[in-house]
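Data first, discussion second: the structure below is written as structure tokens.
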Amino acid sequence: MTEQKPVAVKASPRDFFLHLLAMVLLYASAASFTAVIYQLINLSIPDPLEQNGYFSETGARSILRHALSMLIVMFPVYIGITLYLQKVYTRNEAKRGLKIRRWLIYLTLFAAALIILFSLVSLLNRFMNGELTLRFALKLLTLLFVTGSIFGYYLWDVRKHQIE
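Using full-length UniProt numbering, you'd call the opening residue of the sequence shown number 1 and step up by one each time.
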């Protein structure tokens with residue numbers, strides 16, 4: 001008995017909207033979460049050389065409020081859209097193979113891979129310059145956790161559903 005492949009389905013404007021919105025919300029949520037953690041690090045481990053600049057306590061608190069606001073609004077919407085899309089895929093497995101979905105997943109994998117690679121380059125460069133601080137290390141770990149989680153999830157999804 002041969003395995004049947006799902007029939008190709010064309011993306012509707014609704015499919016395009018939902019998939020694009022989900023990815024934009026994912027990027028915004030990831031950036032907001034990262035900003036929240038960065039500002040908590042800035043407030044917990046202040047840099048005495050930057051007290052009156054961009055990383056002042058007032059500036060850090062302002063960025064923290066904005067990032068939290070974005071995260072509180074956007075992440076639940078991302079989760080809702082993602083759950084809805086999972087129901088759509090359960091009803092119609094061919095929808096997993098939509099070109100817009102494949103392109104956005106591979107774009108996300110590409111962006112996450114670049115962020116991880118450039119973060120490692122930055123780590124190595126700072127280490128070689130003798131500048132490795134606790135603040136920097138914590139921020140790097142945060143960035144690697146966020147991008148690594150996104151990369152890992154979508155790589156798992158691609159492999160699980162054999163998206164080409």
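Note that beta-carbon positions come from the ideal geometry of N, C-alpha and C, so glycine has one too.
Quick caveat: nothing in here was measured; it's all calculated off a predicted structure.
What does a CB cutoff of less than 6 Å around residue i pick up in its chain, not counting 5 residues either side in sequence?
| i | result |
| --- | --- |
| Ile-116 | Thr-147 |
| Ala-67 | Ser-32, Ala-35, Val-36 |
| Leu-138 | Ile-41 |
Output needed for residue i: all residues of its chain with C-beta closer than 7 Å, excluding positions within five of it in sequence on either side, in chain order.
| i | result |
| --- | --- |
| Phe-136 | Arg-126 |
| Ile-37 | Thr-142 |
| Leu-109 | Phe-151, Tyr-154, Leu-155 |
| Val-88 | Lys-95 |
| Ala-30 | Val-146, Ile-150 |
Looking at the structure shown, is residue i part of a helix, part of a strand, or coil, going by DSSP?
| i | result |
| --- | --- |
| Thr-34 | helix |
| Lys-95 | helix |
| Ile-45 | coil |
| Asn-125 | helix |
| Lys-10 | coil |
| Leu-107 | helix |
| Leu-117 | helix |
| residue 167 | A query on residue 167 cannot be resolved here, the shown segment of the chain reaching from 1 to 164 and no further. |
| Gln-162 | coil |
With the cut-off set at 8 Å, would you say residue i and residue j are in Cβ contact?
| i | j | result |
| --- | --- | --- |
| Ala-11 | Ile-81 | no |
| Leu-104 | Leu-123 | no |
| Asp-47 | Leu-98 | no |
| His-161 | Arg-65 | no |
| Ser-119 | Met-70 | no |
| Asn-92 | Val-9 | yes |
Any heavy atom of the ligand MN closer than 7 Å to the beta-carbon of residue i?
| i | result |
| --- | --- |
| Leu-26 | In the structure shown, the ligand MN is absent, as is every other ligand, since no ligand is present at all. |
So is residue i buried or exposed if we call it buried at 16+ other beta carbons inside 10 Å?
| i | result |
| --- | --- |
| Leu-18 | buried |
| Ala-94 | exposed |
| Ser-149 | exposed |
| Met-128 | exposed |
| Thr-34 | buried |
| Ala-113 | exposed |
Apart from the five residues just before and just after residue i, which ones in its own chain have a Cβ nearer than 8 Å to its Cβ?
| i | result |
| --- | --- |
| Leu-132 | Leu-123, Arg-126 |
| Leu-134 | Ile-45 |
Quick one: any contact between the stretch 62-82 and the stretch 22-35, if contact means 3 or more CB pairs under 8 Å? The answer is yes - the stretch 22-35 touches the stretch 62-82, with three or more Cβ pairs under 8 Å.
Answer yes if the stretch 57-65 comes into contact with the stretch 41-48, meaning at least three C-beta pairs across the two stretches below 8 Å, and no otherwise. Under the Cβ criterion (8 Å, minimum of three pairs), the stretch 41-48 counts as touching the stretch 57-65.
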